[in-house]
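Enquirer: Questions regarding the structure given below will be posed in turn.
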Amino acid sequence: MSTNEFIVIRCPRCGKWTYAKSRQKTRFCSRCEKRFKINPIQVIYATSHQHANLLVKMKNEEEMHK
Ligand SMILES: [Zn+2]
0 MSTNEFIVIR
10 CPRCGKWTYA
20 KSRQKTRFCS
30 RCEKRFKINP
40 IQVIYATSHQ
50 HANLLVKMKN
60 EEEMHK
């Protein structure tokens, strides 16, 4: 079983969190409908699809309370 297969990333335009496969270089943002480059410094590594999903939920909720 591989670890750190997924990454959790933030859209640089609108700030929405989403996840991708760790090998991906770009990600399409569903909110601003634009593709952005994944900055490897700003990613959070997740060990599974479920973990990535949970992190995205948590991060997006954090954003709403700011
Ligand atoms: Zn966006």
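Reminder that position 36 of the sequence shown reads as 35 in numbering that gives the first Met the number 0, one-by-one numbering, no gaps. In this text, a Cβ means the ideal position worked out from N, Cα and C, and glycines have one as well.
1) Between ASN3 and SER21, how many whole angstroms is the CB-CB distance? I'm expecting something under 8 Å.
2) Would you say ARG30 touches ligand 1, meaning its beta carbon is less than 6 Å from a heavy atom?
3) Can you say whether LYS8 is buried or exposed, counting buried as having 16 or more other CB atoms within 10 angstroms of its CB?
4) Can you tell me the Cβ-Cβ gap for CYS31 and THR17, rounded? I've got them flagged as a contact below 8 Å.
5) Give me the DSSP bridge partner(s) of ARG9.
Expert: Quick answer:
1) 6 Å
2) yes
3) Rather than Lys, the amino acid found at residue 8 in this sequence is Ile. Counting Cβ neighbours within 10 Å, ILE8 comes out buried, since at least 16 surround it.
4) The Cβ separation is near 11 Å, so there is no contact.
5) Beta-bridge pairing links ARG9 to TRP16.
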